[in-house]
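Going line by line, the protein sequences match chains A and B. Quick note: the first sequence uses this note's numbering, first residue 1, plus one each step. Quick note: the second sequence uses this note's numbering, first residue 676, plus one each step. All C-beta atoms, glycine included, are put in the ideal place defined by N, C-alpha and C. Note sheet for the following structure.
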Amino acid sequence: MSDIIQKVKNLSIGFKSKKGEEILILKNISTNIKKGETVGIVGESGSGKSTLALAMMGYVKHGLYTIGGECEFNSSNLLNIKSKDLEKIRGRKIAMIPQNAGQALTPNLKIGYQIDEALQLHSDLNYKEREKKISELLNKVRLPSPETIALRYPHELSGGQQQRVAVAMALAGTPDLLLLDEPTTGLDVTTQAHVLELLNFIAKDTGTSMVYVSHDLGAIAQVSDRIIVMYAGEIVLEGPSRDILKRPIHPYTHGLLKSIPKLSLAGLPESMPGSQPQPGTIQDGCSFFDRCNFSEEKCKNNSPQLEYLKELNTSVRCFHYKKLLKEIQINQSVSKIKKNSKDKEILNLSEVSISYAKQKLLDQIFNRISDDNPTVKDININIKKGETIALVGESGSGKSTILKSIAGLLRTKDGLIRFDESRNLSSDLKERDPNDLRIIQLIFQNPDESLNPNHTVEEIVAQPLKLYFGLKGEELKKNIIDLLQKVRLGEFYMSRYPRQLSGGEKQRVAVARAFAAKPDIILCDEVTSALDVSVQAAVLNLLQQLKEDFGTTYIFVSHDLAVVRAISDRVAVLYQGRLCEVGPSNDVYKFPSHPYTEVLLGAVLEPDPDIKPKLVAEDIVEEKPPEKGCSFQGRCSRIVGDICKTEIPPWQLTNTGNAIRCHIPIEVLQKEQFK
Amino acid sequence: MLFLIIKRILLGFITLFIVSLITFVGTEILPGDACTTYLERQAFGEQLEACYRRLGLNVPAYERYVSWAVNAIQGDFGYSLSGEMPIKEVLGPRIKNSLVLASAAIFIGIPIALILGIVTALWRDKLPDVAISTVTIFAMTIPEFISATLLILIIAIWLEWLPGVVIVPTDVSFLKLLPNIILPVIAIAMIMTAHMARMVRSSVIQVMASEYVQMAILKGVPYWKMVFKHVLPNALLPAINVVALTIAWLLGGVVVTEVVFNYPGLGRLVIESISNRDLPTVQALAIILASIYVSINLLADLMTLMLNPRLKTLQIRK
Numbered sequence: 001m002s003d004i005i006q007k008v009k010n011l012s013i014g015f016k017s018k019k020g021e022e023i024l025i026l027k028n029i030s031t032n033i034k035k036g037e038t039v040g041i042v043g044e045s046g047s048g049k050s051t052l053a054l055a056m057m058g059y060v061k062h063g064l065y066t067i068g069g070e071c072e073f074n075s076s077n078l079l080n081i082k083s084k085d086l087e088k089i090r091g092r093k094i095a096m097i098p099q100n101a102g103q104a105l106t107p108n109l110k111i112g113y114q115i116d117e118a119l120q121l122h123s124d125l126n127y128k129e130r131e132k133k134i135s136e137l138l139n140k141v142r143l144p145s146p147e148t149i150a151l152r153y154p155h156e157l158s159g160g161q162q163q164r165v166a167v168a169m170a171l172a173g174t175p176d177l178l179l180l181d182e183p184t185t186g187l188d189v190t191t192q193a194h195v196l197e198l199l200n201f202i203a204k205d206t207g208t209s210m211v212y213v214s215h216d217l218g219a220i221a222q223v224s225d226r227i228i229v230m231y232a233g234e235i236v237l238e239g240p241s242r243d244i245l246k247r248p249i250h251p252y253t254h255g256l257l258k259s260i261p262k263l264s265l266a267g268l269p270e271s272m273p274g275s276q277p278q279p280g281t282i283q284d285g286c287s288f289f290d291r292c293n294f295s296e297e298k299c300k301n302n303s304p305q306l307e308y309l310k311e312l313n314t315s316v317r318c319f320h321y322k323k324l325l326k327e328i329q330i331n332q333s334v335s336k337i338k339k340n341s342k343d344k345e346i347l348n349l350s351e352v353s354i355s356y357a358k359q360k361l362l363d364q365i366f367n368r369i370s371d372d373n374p375t376v377k378d379i380n381i382n383i384k385k386g387e388t389i390a391l392v393g394e395s396g397s398g399k400s401t402i403l404k405s406i407a408g409l410l411r412t413k414d415g416l417i418r419f420d421e422s423r424n425l426s427s428d429l430k431e432r433d434p435n436d437l438r439i440i441q442l443i444f445q446n447p448d449e450s451l452n453p454n455h456t457v458e459e460i461v462a463q464p465l466k467l468y469f470g471l472k473g474e475e476l477k478k479n480i481i482d483l484l485q486k487v488r489l490g491e492f493y494m495s496r497y498p499r500q501l502s503g504g505e506k507q508r509v510a511v512a513r514a515f516a517a518k519p520d521i522i523l524c525d526e527v528t529s530a531l532d533v534s535v536q537a538a539v540l541n542l543l544q545q546l547k548e549d550f551g552t553t554y555i556f557v558s559h560d561l562a563v564v565r566a567i568s569d570r571v572a573v574l575y576q577g578r579l580c581e582v583g584p585s586n587d588v589y590k591f592p593s594h595p596y597t598e599v600l601l602g603a604v605l606e607p608d609p610d611i612k613p614k615l616v617a618e619d620i621v622e623e624k625p626p627e628k629g630c631s632f633q634g635r636c637s638r639i640v641g642d643i644c645k646t647e648i649p650p651w652q653l654t655n656t657g658n659a660i661r662c663h664i665p666i667e668v669l670q671k672e673q674f675k
Numbered sequence: 676m677l678f679l680i681i682k683r684i685l686l687g688f689i690t691l692f693i694v695s696l697i698t699f700v701g702t703e704i705l706p707g708d709a710c711t712t713y714l715e716r717q718a719f720g721e722q723l724e725a726c727y728r729r730l731g732l733n734v735p736a737y738e739r740y741v742s743w744a745v746n747a748i749q750g751d752f753g754y755s756l757s758g759e760m761p762i763k764e765v766l767g768p769r770i771k772n773s774l775v776l777a778s779a780a781i782f783i784g785i786p787i788a789l790i791l792g793i794v795t796a797l798w799r800d801k802l803p804d805v806a807i808s809t810v811t812i813f814a815m816t817i818p819e820f821i822s823a824t825l826l827i828l829i830i831a832i833w834l835e836w837l838p839g840v841v842i843v844p845t846d847v848s849f850l851k852l853l854p855n856i857i858l859p860v861i862a863i864a865m866i867m868t869a870h871m872a873r874m875v876r877s878s879v880i881q882v883m884a885s886e887y888v889q890m891a892i893l894k895g896v897p898y899w900k901m902v903f904k905h906v907l908p909n910a911l912l913p914a915i916n917v918v919a920l921t922i923a924w925l926l927g928g929v930v931v932t933e934v935v936f937n938y939p940g941l942g943r944l945v946i947e948s949i950s951n952r953d954l955p956t957v958q959a960l961a962i963i964l965a966s967i968y969v970s971i972n973l974l975a976d977l978m979t980l981m982l983n984p985r986l987k988t989l990q991i992r993k
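And the structure:
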């Protein structure tokens, strides 16, 4: 068995609670990592996947301790060896690529030094050779002009570049095993696809084993040979990647795959009830019992063991896997979205420009904004009553900026925001009257930050009711209970504080607060991106249900294109604060006409090993929109000539109803797409 | 960068201008003035008029402010009332004495504070941390007039090792002053060191928990190299501002301690001139203390700017 590089045996890690109880984060984990193989560890937040990866390097976080078991590497238990020996293994034999390279690079040290440090520790090269090697490494991770990058500080690089530096640093010690902890999570879709492609290349090129930890089945599907699914600190399913993704025989994995929105399917995916139990709250029996569709009385009191099925080369922890075996394919059923948008216009943005430029004193005095090249420019969108329109684009595309301006949080430079065909909404929040404020409500990305931690759920939901409708006493209480039931939270949640709720529950409270104002329009800013996948579907379904009940209009901002596909009627694609394409989502997704839409959609990762991302354009980060011409000229692979650099492209209408902004004639663009 | 420094210096001057205005207006609003205090019961008629003329109090307040300010910029603060000598000459040796006291406290206190802070952070929750932290918290909570009095009681009165009260002339030479300052320095340094050690401790702990330190460990960087290369530069950067604030706090601490030890420094002068209603001296002291405060903070900000690569590039880009 010499091809096994890391052996995890009966590993349990936990912490002591305040009451002195031993609480387990990892429960009796055993697995082997083979030479040259890439193993994906997938699970939601709190499943113990990062703790497991760190333990493979002999690292246990402050506050946690090893309860039992070992991580064997080179026939020594990493959890139980001298720190001197550990220092020789870390970085040299096993290297880590962290989740957030921006946080994981020491801010006061130059990139070159940080790589050099690894080389000094783990190689015998002299100064000259090391200098050459640093350039080589930076080149290998495809960073432009390595010599200058080496002299920069971490904060001077973009997110994608920082992640590449972290990869280069990990490769410096030529490790046998690479541990990757959510290496692409904070990145844009296009950057993510490029980094994954790079990692795949490195795995093949150097024959390094990889352990890839992620919550994102899409990313895992692209890189791994074998997948380990973790739930509440246990391995629930382990087997070859393709089998796990195509025929998941554990109910959790099955439900998880069903709840992920796919690019190829319009409509909302099925949601999984409940959420993952917190460590320490798990009783006897199967930890997935509450959420399982297959559970029986037996599951409540007996915990299933991990069972190895030879014919499938898969291990599963479930009494009922045979039932699932019969259900060979994942029948993803989606509930079709009822279109209830009327032709009545509710919000109209015309020629809206927004600037973040620092204003000169004179302009401040005259209360005007002057900027020749504003962050967001010429936005014209017509939003109809009852529709869901999504704004999509990478970070820096101005999608959140536009939301802020509609909400009145950010003054516009030019242009008008009109409500209900006639009423002009002032761009300054202070000049809006209470009713203007009531008709537009916001739901934020992170409910941890948008809910006041010192208010109970009752107080949080009561505020808009008191403010806009002056409700008091019994009537107020009745309304709060009503709203909580609408978002499927019981009356008993009223006295709870946000910290006593799970992520999904918190977001439901935020939804209830937004609906309490009886708004016409709700702005949703990345409302599901802080949530776990299994919870995300439930929140999306809730939003859809409420929309059907109240006839609300949603303006939806998200970087997740599959989520947008699932929920929206219409999509507006933005690049560098300029519109590229607007159209019904079905058509935009089926026939992406604008070159940027094509790049964006091509980079989406699907939880299916057979669908590979298409990398069309380089993932360059542009700091500023170009002064003249098309906003996408810097990255476009289909530039037709100087016209792209000098003239703003005209709007063209396709026969399916998309409006796109490109110099290439629409017929040509569409023909190219179908090739 | 240069522009920023100039801007900060200008802002400092504006602050000083406002401080001078406030002290001037404040002393104007108070009932009575220098002459009525000085002449006491004879403060009427001819004698009062003469006093006003002599001190130049007979001209409108704004004119007096302007002429005072013009002179003050040149270092001339006018005449002290009680001492009847130029304030410049009164201040000179006092500033020197206070400076000796404060810098001794700083030069002893800061290194000790850094070492204690780092040790407690690295051995967090272990014996060295528990022991040192208990002592520092204790030292922090005792006000300096109590610790000063205790020091005098134990070391000067019971053990008779050092003089308890400073009885030397104001313009004494440095060497003769030296044995006298040991107790005051200990009294001042104690609180200051304890404060700073706590700050450094929490700063180091915060950095130790950061992802980049975890990354350095996982890279295989040996412990002490990690501490010196990855932890300390980042942990001590925010400490610079804390040190500046502590030094500024010293100004106030010095006042109380100097009075307890009867030490001939600026602090005692503040108390003396206030109780004597020596308004010109009070004004001069207010300006001097304010300028020290402003310049220390300016210095600290510039140092952080210089040492923090992140802030440096940000400024250049702007």
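Identity of the residues DSSP links to Arg578 (chain A) by a beta bridge = A:Tyr575
Collapsed DSSP secondary structure at Met865 (chain B) in the structure displayed = helix
Looking at C-alpha atoms only, which residue of A:Thr185, A:Gly233 and A:Val604 is the closest neighbour of Asn100 (chain A)?
-> A:Thr185
How big is the Cα-Cα spacing for Arg247 (chain A) and Leu325 (chain A)?
-> 7 Å
Determine whether the Cβ of Ser885 (chain B) lies closer than 9 Å to any Cβ atom of chain A.
-> yes
Return helix, strand or coil for Asn28 (chain A), following the three-state DSSP convention.
-> strand
Consider the Cβ of Gln889 (chain B): report whether some Cβ of chain A lies at a distance smaller than 9 Å.
-> yes
What three-state label does DSSP hand Leu989 (chain B) in the structure shown?
-> For Leu989 (chain B), the predicted structure reports a pLDDT of 48, less than 50, and the residue's modelled location is therefore unreliable. The matter cannot be settled from this model.
Which runs of the alpha helix (DSSP H) spanning at least 4 residues fall entirely within the stretch 409-479 of chain A, listed in chain order?
-> 434-439, 447-450 and 457-469
Assigned secondary structure, Ala659 (chain A) (DSSP; H/G/I helix, E/B strand, else coil) | strand
Which residues in the same chain have their Cβ closer than 7 Å to the Cβ of Pro453 (chain A), if we skip the five residues on either side of it in sequence?
-> Tyr497, Pro498 and Arg499
First through last residue of the alpha helix (DSSP H) which encompasses Asp976 (chain B) | Leu954 to Leu982
Reduced DSSP secondary structure (H/G/I, E/B, other) of Asn74 (chain A) = coil
On the premise that Lys93 (chain A) lies in contact with Asp3 (chain A), defined as a C-beta separation below 8 Å, what is that separation, rounded to the nearest angstrom?
-> The Cβ separation is near 16 Å, so there is no contact.
Name the DSSP beta bridge partners of Lys384 (chain A), please?
-> A:Glu345
Within chain B, partners of Gly91 (chain A) - CB distance below 9 Å = Leu893, Lys894, Gly895 and Val896
Check the C-beta distance from Ser50 (chain A) over to Ser259 (chain A) and give it rounded, since I have them as a contact under 8 Å.
-> Not a contact, Cβ separation roughly 22 Å.
Report the rounded CA-to-CA distance for Thr401 (chain A) versus Ala975 (chain B), giving the unit in angstroms.
-> 36 Å
Would you please verify whether the beta carbon of Asn746 (chain B) is less than 9 Å from any beta carbon of chain A?
-> no
Could you tell me whether any Cβ in chain A is nearer than 9 Å to the Cβ of Leu802 (chain B)?
-> no
Using the beta-carbon count (16 or more within 10 Å), is Arg716 (chain B) buried or exposed?
-> exposed
Would you say Thr51 (chain A) faces chain B, with C-beta separation under 9 Å as the test?
-> no
Neighbourhood of Lys19 (chain A) by C-beta, 8 Å cutoff - its chain only, sequence neighbours within 5 removed = none
Proximal chain B residues relative to Met57 (chain A), where beta-carbon distance stays under 7 Å | Leu893
Would you mind sorting Leu187 (chain A) into buried or exposed? The rule is 16 or more other CB atoms within 10 Å of its CB.
-> buried
Closer than 9 Å to chain A by CB, Asn909 (chain B) = yes
Close Cβ partners of Ala968 (chain B) (< 6 Å) along its chain, the five nearest in sequence each way excluded = Note that residue 968 (chain B) is Tyr in the sequence shown, not Ala. Excluding residues within five positions, the ones whose Cβ falls inside 6 Å are Ala923.
With 16 other Cβ atoms within 10 Å as the buried cut-off, status of Phe419 (chain A) | buried
Can you tell which of A:Lys84, A:Ile521, A:Pro650 and A:Asp85 has the C-alpha that lies nearest to the C-alpha of Ala390 (chain A)?
-> A:Ile521
Separation of Glu764 (chain B) from Tyr740 (chain B), as counted between CA atoms = 21 Å
Could you name the residues of the same chain whose beta carbon sits closer than 8 Å to that of Tyr493 (chain A), not counting the 5 residues immediately before and after it, in chain order?
-> Val457, Leu484, Leu501, Glu505 and Val509
Boundaries of the alpha helix (DSSP H) in which Trp899 (chain B) is found, first to last residue = Tyr898 to Met901
Helix, strand or coil for Met647 (chain B) per DSSP?
-> The structure shown does not extend to residue 647 (chain B), since chain B spans only 676 to 993, so no value can be given for it.
Cα-Cα, which of B:Thr868, B:Glu835 and B:Leu797 is closest to Gly784 (chain B)?
-> B:Thr868
Under 9 Å (Cβ pairs) to chain B, residues found in the stretch 167-183 of chain A | Met169, Ala170, Ala172, Gly173 and Leu179
Report the neighbours of His905 (chain B) on chain A: residues whose CB is nearer than 8 Å to its CB, in chain order.
-> Thr106 and Leu109
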